[in-house]
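What follows is a set of notes on a single structure, which appears directly below.
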Amino acid sequence: MKFSSRPESRFLRYLIIFLLICFSAAPIPVSAFQQQKEILLGVEPEHNIFDQMERYRFLASYLSDQLGVKIKLTIMSRYGEVIKRFKTLRLDGAFLTSYTATMAIKQLHLEPIANPVNLAGESTSQGYIFVRKDSGIRGMIDMKGGNIVFVDPATMEGYLFPLAYLLQYGVNDINVFFNQYYFSGSHASAIYSVLDGRADIGSAKNTVFDQMVKNDPSIGNELEIIAKSPKVPEVTLCISTAIAPDLRKRLSDTLLNMDKNEAGKKVLQQFKALRFTKANKESFAVIERMAQDVLGSLTVHGK
Amino acid sequence: MLLCTLFILGAAPDSHAAKKIGVIMTGDIPYYNAIHNSFIAELNRKFAGTEKIEIILQRPFPNPISWSNAARKLIAFEVDLIVTYGSPATEAAIFEKSRIPIVYAGIYEPEQAPVKSRNATGCGFKVPLSSILRYFKRLKTIDTMGIIFSSIEEDTVRQYETMQNLAAQQNIKIKKIDIRSPNDIEKLKTVNSDAVFLTGSSLAHLWLEDIIRLLDNQSIPVADILPDISEAGVLMTLYQPSASQGVMAAEMAWQILLGTKPSGIAVYTFRDTELVFNKAEAKNLGINFPIQLLIEATRIIE
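Just so you know, the protein sequences line up as chains A and B, in that order.
So the mapping is simple: the numbering used here equals the position in the first sequence, first residue as 1, plus 403.
So the mapping is simple: the numbering used here equals the position in the second sequence, first residue as 1, plus 8.
Rendered as structure tokens:
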């Protein structure tokens, strides 16, 4: 059978072929092509995840209204699951503490967007190493043979920093130096462990420590801080670069301008923050250096 | 008074004459039993096959006359070493001013106790009492707290005073409950407190089950600094695991029997603790342990 075609059908066929070639030759990111309908953000768990989720729920609701994109939250079951969770849950971003943010920026190429400024006016936190005042421990030498409590291997304040502190004094194997070490799972638990005598030495985040002392001054009377880490961003919203640049910018602008409108101020109050401040990658360089120094030269597992 | 004689027999057939260790262990207190068991086990290990050791165990009832009689008996037996558990037994042994060396264990903050003597050394423990108060406050509102102690046990008086000061800082009123005899237990029928703190009093622990029963009737939770080994119903216990004290007392005893003078061995205070919550008792009292509190526990009794 001979195929015959009219001029208009031939034009239509050429047009379709042309369009197909155009789309196959220049793939466009799905997020830019389609209107993003929702953003799924991970939240790292704190001591009381119920209070924490309540706080974040207000923020998510505000962002959803402002952006016209549904912001959904999911709690990460424990610290250090950022990399794994991003892949399995297909997260678009997460509110991350300093060490996990460093890992996520480096390994997942996330973009740090904003840091909340807490009610004390601080967007940063630092690690404390502390002991009971009546323990007789005044420095690294007195720690030998004691029991130390860390928070979690994925925390700067509660693990990386104390290891860096010990390394600075030549302790390169905590299995040998300490009688025992363990992870409490939260900063508050690490503090309670030392208060109770369940551990001789502890490490935790200053913001949690200071808040506990504020609520119960007897804690400050009983504990002594013997070392402090450099200050780093406490919590950072890090966003996947797969999210369209204009949406990322709108998200950033919305957060950074929250304190300039009444609705935003109200949500900030519920979120227990004064405002958001712009995040930058350079703030995490100190943690990256610390991790390289410590994890390259310490034996940290096995007891 | 019960007099027991135990022998740890060395394997060597031509061993020297037996060394005699006299032990004063107040009443039938599980905490002291635990220290004693680890003391014997460690001593056995130290002297395995090299020395014959005779243990003369005295279990005086907790009162000054019985403690004193127990010490005098051991002196009359001409033991080579006296081992005491708890503050009053140690004080009684020191008071006799014999030349027999003394090793003590189970004393609260031994550096603060009146047990200083050229012939005595030993170990004890310290538990941060502020933690007890902190955990109580996380469980319920505490306006008034009862403190059970015994004025004839010096270290429990110190515990009472420490807790009284801590409570005063937090505007908590204190009810003083001094237990000197079984009749004093009656005082617990009308405590009118939101919670009760039980010091390490051996007298109080002798009647622990009666105390818990009376306080349960009033739905008053109890916290203790000695382990509730029999699970009598203490809501929370923050205690120093006693086995380490027994091991250290055995080490000190061993050194002294080999010729070291007690004054050459430093007194030691154990500060490691374990925290136990009794969920079954909480249910009886209608108290819910928040999850943030439960995660702090070393052990939970379900």
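We put the beta carbon where it would ideally sit given N, CA and C, even for glycine.
- Interface partners of residue 304 of chain B on chain A, CB under 7 Å: The count along the second sequence starts at 1 and reaches residue 304 of chain B at position 296. Residues of chain A passing the Cβ test: 592 and 595.
Q. Of the choices A:594, A:548, A:593 and A:596, whose alpha-carbon is the least far from that of residue 578 of chain A?
A. Translated into positions along the first sequence, residue 578 of chain A becomes position 175. Taking only the C-alpha atoms, the option nearest residue 578 of chain A is A:548.
**Request:** Jot down the residue ranges of each uninterrupted beta strand (DSSP E) in the region 575–634 of chain A, minimum 3 residues, whole runs only, in chain order.
**Result:** The qualifying runs are 583–586, 604–608 and 626–631.
- What are the residues of the region 597–624 of chain A that lie near chain B, defined by any Cβ-Cβ distance shorter than 9 Å? Result list: 598, 599, 600, 601, 602, 603, 619, 620, 621, 622 and 624.
List the DSSP bridge partners of residue 150 of chain B. The residue given as residue 150 of chain B occupies position 142 in the second sequence. The secondary-structure analysis by DSSP pairs residue 150 of chain B with nothing; it has no beta-bridge partner.
Exercise. Can you give me the Cβ contacts of residue 507 of chain A inside the same chain, cut-off strictly under 8 Å, excluding the 5 residues immediately before and after it?
Key: Residue 507 of chain A sits at position 104 when you count from the first residue of the first sequence. Leaving aside the five residues that flank residue 507 of chain A on each side, the residues in its chain whose CB is nearer than 8 Å to its CB run, in chain order, 485, 486, 489, 497, 499, 513 and 641.
Inter-residue Cα distance where the pair is residue 602 of chain A and residue 550 of chain A
Sequence index remark: in the first sequence, residue 602 of chain A carries index 199 (1-based). Sequence index remark: in the first sequence, residue 550 of chain A carries index 147 (1-based). If I take the Cα positions, the gap works out to 5 Å.
Notebook entry, point to check: In terms of residues, what are the limits of the beta strand (DSSP E) holding residue 468 of chain A?
Noted result: Within the first sequence, the letter at position 65 stands for residue 468 of chain A. No beta strand (DSSP E) contains residue 468 of chain A, which is instead part of the alpha helix (DSSP H) from 452–470.
Q | Nearest-angstrom Cα separation, counted from residue 217 of chain B out to residue 555 of chain A | A | Residue mapping note: residue 555 of chain A aligns to position 152 of the first sequence, counting from 1. Residue mapping note: residue 217 of chain B aligns to position 209 of the second sequence, counting from 1. Roughly 40 Å between the two C-alpha positions.
| Exposure of residue 415 of chain A, with buried meaning 16 or more beta-carbon neighbours within 10 Å | Taking the first residue of the first sequence as 1, we reach residue 415 of chain A at position 12. Confidence at residue 415 of chain A is low in this model, with a pLDDT of 48, below 50, so its placement is unreliable and the value that follows should be read with caution. Its Cβ having fewer than 16 others within 10 Å, residue 415 of chain A is exposed.
Between the alpha carbons of residue 179 of chain B and residue 476 of chain A, how many angstroms are there, rounded?
Position 171 of the second sequence, counted from the start, is the residue given in the question as residue 179 of chain B. Position 73 of the first sequence, counted from the start, is the residue given in the question as residue 476 of chain A. Cα-Cα distance, rounded: 42 Å.
Would you identify the three-state DSSP class for residue 690 of chain A, choosing helix, strand or coil? Counted from its first residue, the first sequence places residue 690 of chain A at position 287. Residue 690 of chain A carries a helical assignment under DSSP once its states are collapsed to helix, strand and coil.
- prompt: Relative to chain A, which residues along the region 242–268 of chain B have a C-beta separation below 9 Å, given in chain order?
  reply: Result list: 246 and 248.
For this session: Using a cut-off of 8 Å between C-beta atoms, extract the partners of residue 270 of chain B located in chain A.
Result: Taking the first residue of the second sequence as 1, we reach residue 270 of chain B at position 262. Neighbours of residue 270 of chain B on chain A: none; closest Cβ ~22 Å, over 8 Å.
Since residue 289 of chain B is in the alpha helix (DSSP H), which residue starts that stretch and which ends it? To locate residue 289 of chain B, count along the second sequence from 1; it is residue 281. Looking at the DSSP string, the run of the alpha helix (DSSP H) that includes residue 289 of chain B is 287–293.
(message) Can you look up residue 309 of chain B in the DSSP assignment and give me helix, strand or coil?
(response) By 1-based counting over the second sequence, the position of residue 309 of chain B is 301. It is a strand residue.
Cβ distance (whole Å) where residue 538 of chain A is taken to contact residue 608 of chain A below 8 Å: Your numbering for residue 538 of chain A matches position 135 in the first sequence. Your numbering for residue 608 of chain A matches position 205 in the first sequence. About 21 Å separates the two Cβ atoms, so there is no contact after all.
**Message:** Considering just the uninterrupted stretch of the beta strand (DSSP E) at residue 681 of chain A, what are its terminal residues?
**Reply:** Position 278 of the first sequence, counted from the start, is the residue given in the question as residue 681 of chain A. Counting along the chain, the beta strand (DSSP E) containing residue 681 of chain A begins and ends at 676–681.
Practice item. Specify whether the region 159–178 of chain B and the region 635–651 of chain A touch according to this definition: at least 3 beta carbon pairs, one from each stretch, less than 8 Å apart. Key: At 8 Å Cβ cutoff, the stretches do not touch.
With a floor of 3 residues, list each beta strand (DSSP E) that falls wholly inside the region 230–271 of chain B, ordered by position along the chain. As for any beta strand (DSSP E) of minimum length 3 sitting wholly inside the region 230–271 of chain B, the runs are 230–232 and 244–247, ordered along the chain.
Consult DSSP for residue 98 of chain B and reduce its assignment to one of helix, strand or coil.
On the second sequence, position 90 is the one that residue 98 of chain B refers to. In the displayed model, residue 98 of chain B falls within a helix according to three-state DSSP.
Residue 283 of chain B: contacting residues in chain A (beta-carbon distance under 7 Å)
Against the second sequence, residue 283 of chain B aligns to sequence position 275. Ordered by position in chain A, the residues that pass the 7 Å Cβ test against residue 283 of chain B are 599 and 601.
Once the 5 residues before and after residue 493 of chain A are set aside, which same chain residues still bring their CB inside 8 Å of it? Residue mapping note: residue 493 of chain A aligns to position 90 of the first sequence, counting from 1. If we look at residue 493 of chain A and ignore the five residues flanking it on each side, its Cβ neighbours are 443.
Q. According to a CB-to-CB cut-off of less than 8 Å, which residues of the region 527–547 of chain A neighbour chain B?
A. When C-beta distances to chain B are compared with 8 Å, the residues of the region 527–547 of chain A below that value are 535, 537 and 538, in chain order.
Inset, instruction - For residue 530 of chain A, write down the residues that DSSP places opposite it in a beta bridge. - result: As a position in the first sequence, residue 530 of chain A is number 127, starting the count at 1. A:608.
TODO: Just list the beta strand (DSSP E) runs in the region 83–133 of chain B, keeping only unbroken ones of 3 residues or longer that don't cross its boundaries, in chain order.
DONE: The qualifying runs are 89–93, 110–116 and 128–133.
Under the DSSP definition of a beta bridge, which residues are partnered with residue 277 of chain B? Position 269 of the second sequence, counted from the first residue, corresponds to residue 277 of chain B. Residue pairing by DSSP puts residue 277 of chain B in a beta bridge opposite B:132.
Task: At least 3 beta-carbon pairs within less than 8 Å: the region 38–47 of chain B vs the region 116–123 of chain B - done: Verdict: no, contact absent.
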